[in-house]
Structure formats: C-alpha cells, structure tokens
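Each position in the sequence shown, counted from 1, maps to that position plus 28 in the numbering used here.
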Amino acid sequence: MNIMNNMKIGTKILGVVSALLGLMVIVALFGIIKIGSIGNEIKGIAEEDIPLTRAVTAIGNNQLEQAIWLERGLRFGQVRTAKEVAREGLKTAEGEFERIAKLSDEKIKEAEKIAEEAAGKARTADARRKFQDIGEQLKVIKKEHAGIGKRVREAFQLIKQGRLNEAGTLAQKIEKEEDALDKEINKFLKKVEKFTGKAALTAEGDEKTAVRGMGFLTIFSFIFGLGAGILITRRITRPMHEAVRVANQLSKGDLTLSIDVYGKDETGQLLAAMKNMAEKLKEIVADVQSSADNVASGSQEMSAGSEQLSQGATEQASSVEEASSSMEQMASNIRQNADNAQQTEKIAVKSAEDARKGGKAVTETVNAMKEIAEKISIIEEIARQTNLLALNAAIEA
Numbered sequence: 029m030n031i032m033n034n035m036k037i038g039t040k041i042l043g044v045v046s047a048l049l050g051l052m053v054i055v056a057l058f059g060i061i062k063i064g065s066i067g068n069e070i071k072g073i074a075e076e077d078i079p080l081t082r083a084v085t086a087i088g089n090n091q092l093e094q095a096i097w098l099e100r101g102l103r104f105g106q107v108r109t110a111k112e113v114a115r116e117g118l119k120t121a122e123g124e125f126e127r128i129a130k131l132s133d134e135k136i137k138e139a140e141k142i143a144e145e146a147a148g149k150a151r152t153a154d155a156r157r158k159f160q161d162i163g164e165q166l167k168v169i170k171k172e173h174a175g176i177g178k179r180v181r182e183a184f185q186l187i188k189q190g191r192l193n194e195a196g197t198l199a200q201k202i203e204k205e206e207d208a209l210d211k212e213i214n215k216f217l218k219k220v221e222k223f224t225g226k227a228a229l230t231a232e233g234d235e236k237t238a239v240r241g242m243g244f245l246t247i248f249s250f251i252f253g254l255g256a257g258i259l260i261t262r263r264i265t266r267p268m269h270e271a272v273r274v275a276n277q278l279s280k281g282d283l284t285l286s287i288d289v290y291g292k293d294e295t296g297q298l299l300a301a302m303k304n305m306a307e308k309l310k311e312i313v314a315d316v317q318s319s320a321d322n323v324a325s326g327s328q329e330m331s332a333g334s335e336q337l338s339q340g341a342t343e344q345a346s347s348v349e350e351a352s353s354s355m356e357q358m359a360s361n362i363r364q365n366a367d368n369a370q371q372t373e374k375i376a377v378k379s380a381e382d383a384r385k386g387g388k389a390v391t392e393t394v395n396a397m398k399e400i401a402e403k404i405s406i407i408e409e410i411a412r413q414t415n416l417l418a419l420n421a422a423i424e425a
C-alpha cells in the first residue's frame, strides 16, 4: 500500500491499464492456443481420419464389386448357349474386375500416403505410433488384396479354359480370403473410427476447456479491473477531498487545522504544499501581529510626544500672542511718535521758512531739524519691520 501511495497517478493508471491489457493478451493467447488445438484435431479428422476412412471404405466396396464381377464371370462361363454373348460378358467381367482392382490399388496407395504424411507431421509420439500402426495395417490389406487379385485372375483363366470346377473351387477359396479382407478392412475402419472419435472428444474437451478458461480469465479480469479501478479512485479522491477541506478551512482563515499527507504522489505533494503554505501563513500572521504590537507601542509613544509638542506649541503661541500684542502697542507708540515728528517737521519747516531770512543761525537750525527728520524715518522703518515680524510670528502661531 505504501508503494502504491508513493506512485505517481499516471503510473498507477498505466499499471492498471497494462495489467488489464496483459490479462486480455493472456485470454487471447489462451483462446488462440485452444482454438488452434481444436483446429488441429479437426484438421486431423478432416485431412487424415476421414480420407483414410473413405479410402479404405472404397477398397471394401471395390472388393465387393470385384466379387460380384467374379460371380458374373463364373455364370458366363457356365452358359452353354449364346457362347458369343457369354464370351463378351466374361471379357466385360474381367475388364471391370481389373478396372476396380486398379482403383483399389490407387486407394491403398492414397491411404498409405496419408498415413505416412500424418506420421511425419504427428506432434506427439502417440499420434505418430497410431499412424504407423495404420500404415502397417494398410500393408496387410494391400497384401491380401493383391493375393485375392492374383487368384481371381487365375480363376478367370480357368473359366476361359472351361475348367469350371477348378474355377469354382478357387472361387470358394477366394470368397474366404475376401471375408478375411473384409474383416481386416472393418477392423481398420473401427480403429480409424476410434481415432476419429478420440480426436473429436479431444476437440470437444479443448472447446470446453477454452470456454471455461476464457470465462474464468474474463471474470477474473473484470473483478481485477473493477477492484483496481475502485482502489485507485479512492487513492486519488481521498487526498483530493482532504485538499478541498483544507482549502475551505484556509479560505475561512483557520490556520490551526491539521493536514494529513497521503503518500508522495501528486495529491500527496498537493497536501504537503498546502501544509507548508499553512505553516508559512502562521509564521506570517505571527510576524504581522508582532509588527502590529510594535507599531501600536510606537504609536502610543508618538501620541505622547505629540501631546507634549502640542502643549509646547500652545505655550509658544500664547507667548507669541503676548509678543505680538506688545509689538502692536510699540508700533502704535512709534506711529504716534512719527506723527508727532511729522508735525514737528512741518512746524520746523515752517519755522525754517520763517527763519531763513534770519541768517546763518536759522540755516543751522534747519539742518538740525533735517537730521531729526532722517532719524524719524529710520524709526518708522524699524516700526514697519517690527510690524512684519509680529505678523510672521502670529502666522506661525
């Protein structure tokens, strides 16, 4: 389970798909092997057993026809009238016998070839031994068939010579040999039939095994795929649900939640990243709270300093107001003095005009008065500057 938790999601899915594909390949190979086995059995029946049966059956049928033509030859030999017709009938019977004998020889050769090729292509020792036995039995049939053919030809020669009694005796002997050949053929056919039945049962067994095996593998593949799909789905959805829960709690500002990390796959990495993010957020919040406390303490100190500064400014403003009031009073006095000086100047000028005629003494008096006037101008300038200073002080206050 820990190994699966640490596997990547893509690796998990690829593993399940690969396993299912592997099972599918196993099912296909199992089916192909069994179908191939069934095909081989059916092929053996179609290309070996059935042709052998047909060939040997044809030999038996041909043997019966040959016996019939021998009987006809004997009857034609016994005919005393219409000798020309009898000779033609005997000739026909002999010709048909030879034709059928040739067909039988061809069927025997065909059967021998089938048995020889089947023995060479046999996949098991049992099958090889089976066809070797069939080949030996075909040799027996071939030998008996050749012996019967030889004696039938002798019988036809006796018939042609009119030695009917000897031909009849030989025909009875031939009949016994034909019965023995028929028994050998029937024995052969039963053996081939047994082999055919065994092959058919083997094919049927392979078919049932294939059905059961493929059914079992299909059910197992279905159960495995369903179980693996459910397991991997849970391995993916469970961490995703945990990630959704964590994200919702974090969105609500809950940084005290516990985060469980499942494995090292993508979902596990996501949960680990969210856990680290929550821890970093806790550190950031702690730093912010510490900074806020420091800012609050500094704000209190700044507030106290501001109050002190405000109090000092108030006191300074009061002092400035008093100075401004004194300066205004001084300016008023200076203006009054200036007015008086102006009046004095006027009087002096008038007196100077009146005294100009009085000579040098009056001129000196006038010059002295001018100096007084200049001094007064200086005083006025000082008063004006004082007013400006008072105004600036009032503005600053």
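Backbone N, C-alpha and C define an ideal beta-carbon position, used for all residues, glycine too.
Source: prediction; values computed, not measured.
Round the Cβ separation of residue i and residue j to the nearest angstrom and send it over; I've been treating them as touching at under 8 angstroms.
{"i": "Thr224", "j": "Asp77", "result": "4 angstroms"}
{"i": "Glu140", "j": "Leu166", "result": "5 angstroms"}
{"i": "Leu245", "j": "Leu51", "result": "7 angstroms"}
{"i": "Leu98", "j": "Ala199", "result": "6 angstroms"}
{"i": "Asp234", "j": "Ile66", "result": "5 angstroms"}
{"i": "Glu205", "j": "Ile176", "result": "5 angstroms"}
Going by CA-CA distance only, name the one from the options that's closest to residue i.
{"i": "Asn68", "options": "Asp321, Gly88, Ala146, Gly105", "result": "Ala146"}
{"i": "Lys374", "options": "Gly88, Ile400, Glu112, Ser279", "result": "Ile400"}
{"i": "Ala86", "options": "Leu186, Lys137, Gly117", "result": "Lys137"}
{"i": "Ile61", "options": "Ile406, Ser405, Ala231", "result": "Ala231"}
{"i": "Arg181", "options": "Ile213, Phe125, Val220", "result": "Phe125"}
{"i": "Lys215", "options": "Val84, Met305, Ser319", "result": "Val84"}
{"i": "Lys40", "options": "Glu112, Arg82, Arg262", "result": "Arg262"}
{"i": "Leu91", "options": "Thr414, Val289, Pro267, Ile169", "result": "What sits at residue 91 in the sequence shown is Gln, not Leu. That would be Ile169, whose Cα lies nearest to the Cα of Gln91."}
{"i": "Lys280", "options": "Ala422, Ala306, Phe248", "result": "Ala306"}
{"i": "Ala195", "options": "Glu205, Arg179, Lys222, Asp207", "result": "Arg179"}
{"i": "Glu221", "options": "Ala74, Gly38, Ser319, Leu416", "result": "Ala74"}
{"i": "Arg115", "options": "Phe184, Thr265, Val316", "result": "Phe184"}
{"i": "Gln106", "options": "Ala418, Gln189, Ala411, Ser286", "result": "Gln189"}
Looking at residue j and residue i, is the spacing between their C-beta atoms short of 8 angstroms?
{"i": "Phe104", "j": "Gly117", "result": "yes"}
{"i": "Val274", "j": "Met302", "result": "yes"}
{"i": "Arg94", "j": "Ile128", "result": "The sequence given here places Gln at residue 94; Arg does not occur at that position. Closer than 8 angstroms, so yes."}
{"i": "Leu209", "j": "His173", "result": "yes"}
{"i": "Ala121", "j": "Arg151", "result": "no"}
{"i": "Ile162", "j": "Leu80", "result": "yes"}
{"i": "Ala227", "j": "Gly72", "result": "yes"}
{"i": "Ala256", "j": "Ala47", "result": "yes"}
{"i": "Gly241", "j": "Phe58", "result": "yes"}
Ignoring anything shorter than 4 residues, give me the alpha helix (DSSP H) runs that lie fully in the region 95-165, in order along the chain. 111-149
Segments of 3+ residues assigned as beta strand (DSSP E) that fall wholly inside the region 204-267: none
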